[in-house]
Each structure stands twice: as structure tokens, then as C-alpha cells.
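In the working numbering, the protein residues as written are 1 to 139.
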């Protein structure tokens, strides 16, 4: 699938809305732009982040799954998906998503840190510590 993103100016306007905390506006603008650029991983990513901020977890999960349909080897999408799943309370799925991110990008410090948090929340303290140590080793 060929990735198509809008112009930098269009993207910047959406980023500005998101950074100002205007998540509903960023989401609306992303959704409008997705009609013209249905294979934009950037637009799906910002929509996912906006949906997460709006506590619309299932929509955010759908957004990140769309990114992965377009670009299956995109570690950041697995990381973002893991974040949503953890916030939603699905620790097992979050851990699996983090593992996918690490399969693609083995030196992804933030993933080790977040996986450590998910493992800690699950009560697997030894594995959590191992992940924190791995994060420290990288950074």
C-alpha cells in the first residue's frame, strides 16, 4: 500500500491544534483529510492520539490498526497501540503490542519502559525490572 500524506502545511495545522489541546478539532480535521488521503499514516496517528486524549479508546485502537494495515513494520504504531491498550486496562494486549514494536525496533527505549510499567501493573515484577534495566542500558 502506498503511503500518501498531505502537504506539510496541512499537517502542521493539525499538529498545532493537537499541541494546543484542541483534540476534537484536530480529530475533525484529520478525519476530513483522511477522505482525501486514505493511506496517510500521519493522519491516522494524529487521529489515534486525539482519540486517546478524548478517552475514545476503541477509536484510537482502530486508528493505530489502520496505520499497521498501511505500514505493518511501523514500530511507533505498535508502541502507540500499546499505550492505548494499557490505558484501557488490557495489559496482556498492551504487552503483546510492545513486543511487536521491539521485534521491529529492538533499541526502542520508551517501549521497554512502558512494557516495564505494564508488567509491573500485572504483578510480574522480575520481568518489569528486566525491562527497566534494558531501557537504562539503551539510554
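Glycine included, every Cβ here is placed at the ideal spot set by N, Cα and C. This structure is a prediction, so every number in the text was calculated from the model and none was measured.
{"Item": "Report all residues from its chain with a CB closer than 8 angstroms to the CB of residue 54; omit the five preceding and five following residues, and keep chain order.", "Value": "23, 24, 27"}
{"Item": "Assuming residue 3 contacts residue 39 under a Cβ cut-off of 8 angstroms, what Cβ separation, rounded to an integer in Å, is found between them?", "Value": "6 angstroms"}
{"Item": "Under the rule that 16 or more other beta-carbon atoms within 10 Å means buried, what is residue 61, buried or exposed?", "Value": "buried"}
{"Item": "Quick one: Cα of residue 99 to Cα of residue 51, how far?", "Value": "23 angstroms"}
{"Item": "When you compare the CB positions of residue 101 and residue 132, do they come within less than 8 angstroms of one another, or not?", "Value": "no"}
{"Item": "Which class does residue 41 belong to by DSSP, given the choice of helix, strand or coil?", "Value": "helix"}
{"Item": "Let's see if you can read the secondary structure: which residues bound the alpha helix (DSSP H) around residue 56?", "Value": "No alpha helix (DSSP H) contains residue 56, which DSSP labels as neither H nor E."}
{"Item": "State the CB to CB distance for the pair residue 41 and residue 71, rounded to an integer number of angstroms; the pair is presumed to be in contact (CB under 8 angstroms).", "Value": "5 angstroms"}
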